[in-house]
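To keep things clear, I will list the structure first and then write my remarks on it.
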Amino acid sequence: MITEVLLLNPVYVTLFWAIVLKLQSGKGNEPKRFLGTLMFTAFVLFISHLFYFTQKLGIYIWLDSFYNLTSQSVYPLYYIYVLLLTRDETFSVRKHGKYFIVPLIVFLLISIGYLMMDHTTERLYVSRVMYGLEAEGKGIGFTKTIALLARITLVIQIIFFVNLSYRKIREHNRSIGNYFSAPELRNLNWLQVSNIFLLLASASSITVAALGRHRLDGNPLYLLLPSLVFSLVLFTLGLLGHMQQSVHLAETEPASPSAADDRIPDRMVEELVTLFEEEHLYLNKDLKIWDITGRLATNRTYVSRIINNEFGLNFCGFVNRYRVGHAKKLLASPKHYSIEEIADMSGFGSVNSLYRAFAASEKMPLKQYRNNLKKES
């Protein structure tokens, strides 16, 4: 009974999120729907675990190939989910199919192994060989070898794709300041935290893969940690993924004409400054670089180059320079504004954003700056 409860935890979690996320509709929800695919894949994986550890071997014979397919596919699916959040607009077999070459090869080879065995030999394989015992029969040696290689490739894939995911998320968080004035609204720190938890789950996977699942059979306590870790990680990933909007940059990139040469016309710089100093575009809390490109009739690469070359800042830093300037005027005003009011009136999305931008610009905390103004007056 305890074994069944432990094994059912991740089954319920993955099935719940597979249904919820797959029902998401509308543009921009492609990452959520794809996360639903990942959850359904994990659901099949944990259902297979359930039949294996409860010794429903007659059913498991039909599931073993799919167990290997899903176990090999979960981490590539997770990496593609990260790509859909950061770079790619939609899933494409042409673009992303390469990540499933190894899972498909393992699936086909395991299936061939079962086709080589008759029904009696299949029973011997799942009841003895998979539990670490010896047995003879046509196809057993082949399938046993492929199963061992599958465990090795699983460990390699876990290390490879978790590392790729970490690097892609870090790269995204570093780059969004070039395109958004409020990057804190679009960073993927939550996913990086999930990535850390995924490492814990990966450690469980690697341990199981190295030891073999039969080592965990017979004592429910051996299943306790993997069950709790996977249930927690997958539930958290599903919840945060359900709340998260797509933030990849390709989605909002317009088809704008590019600059004819590398020289930046003075007129373009003057128009950019005018938009900020006279039209106060920086007061838009969610100002994006594409809002500027439309006004200047150019593309984001060119606007970024103007800001980088002429002002030595990225887009976020350039916008925040004006916002901090506006905040300083409000701080010097005879009327006493609260920090919350100053942040809101200066275009910052939060007080913390104001604090960070002010300290970066003025090399001192905002409260110290305000105290200095009081002393001077």
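Quick note on our numbering: the sequence shown kicks off at 651 and runs consecutively.
From the three backbone atoms N, C-alpha and C, an ideal C-beta is built for every residue, glycine too.
A quick note: this is a predicted structure, and the numbers were derived from the prediction, not measured.
The three-state reading of DSSP puts Phe-830 in strand, counting E and B together. DSSP places Lys-938 within a strand segment (E or B) once states are collapsed to three.
Here the C-alpha atom of Val-661 lies approximately 14 Å from the C-alpha atom of Thr-704.
Between Phe-696 and Leu-713, the gap from beta carbon to beta carbon reaches 8 Å or more. Distances from the alpha-carbon of Thr-803 to those of Ala-1010, Pro-726, Leu-733 put Pro-726 closest.
The residue among Met-766, Gly-782, Asn-813 with its C-alpha nearest the C-alpha of Ile-790 is Met-766. Note on Lys-682: 16 or more other CB atoms within 10 angstroms of its CB, so buried under the neighbour-count rule. Spatial neighbours of Arg-1020 in its own chain (CB-CB distance under 7 Å, excluding positions within 5 residues in sequence) are listed in chain order as Leu-981. If the five residues before and after Ile-957 are omitted, its C-beta is found closer than 8 Å to the C-beta atoms of Leu-922, Leu-963, Asn-964, Phe-965, Phe-968, all from its own chain and listed in chain order. Annotation for Tyr-932: no alpha helix (DSSP H) segment contains it, and DSSP assigns it neither H nor E. Note on Leu-799: under 16 other CB atoms within 10 angstroms of its CB, so exposed under the neighbour-count rule. The continuous alpha helix (DSSP H) containing Arg-917 extends over residues 916-927. One alpha carbon belongs to Leu-754, the other to Lys-677, and they sit about 30 Å apart. Straight-line measurement puts the Cα of Ser-723 at about 19 Å from the Cα of Glu-680. Under the three-state reduction of DSSP output, Thr-948 falls in the coil class, being neither helix nor strand. Separation of Tyr-932 and Ala-853 (C-alpha to C-alpha, rounded to the nearest whole angstrom) is 46 Å.
Annotation for Glu-772: the continuous alpha helix (DSSP H) segment containing it runs 769-777. The alpha-carbon of Glu-834 is positioned some 9 Å away from that of Asn-823. The shortest C-alpha to C-alpha distance from Phe-693 to any of Ile-826, Ser-715, Thr-664, Lys-935 is the one to Thr-664. Rounded to the nearest angstrom, the gap between the Cα atoms of Ser-881 and Phe-847 is 11 Å. When the five nearest sequence neighbours on each side are left out, the beta carbons in the same chain lying within less than 7 Å of the beta carbon of Met-918 are those of Leu-946, Ile-956, in order along the chain.
At the C-beta level, Thr-793 and Ile-760 come within 8 Å of one another. In terms of CA proximity to Tyr-775, Ala-797 leads the group Ala-797, Phe-757, Gly-999. The C-beta of Asp-936 has fewer than 16 other C-beta atoms within 10 Å across all chains shown, which makes the residue exposed. DSSP, read as helix, strand or coil, puts Glu-784 in coil.
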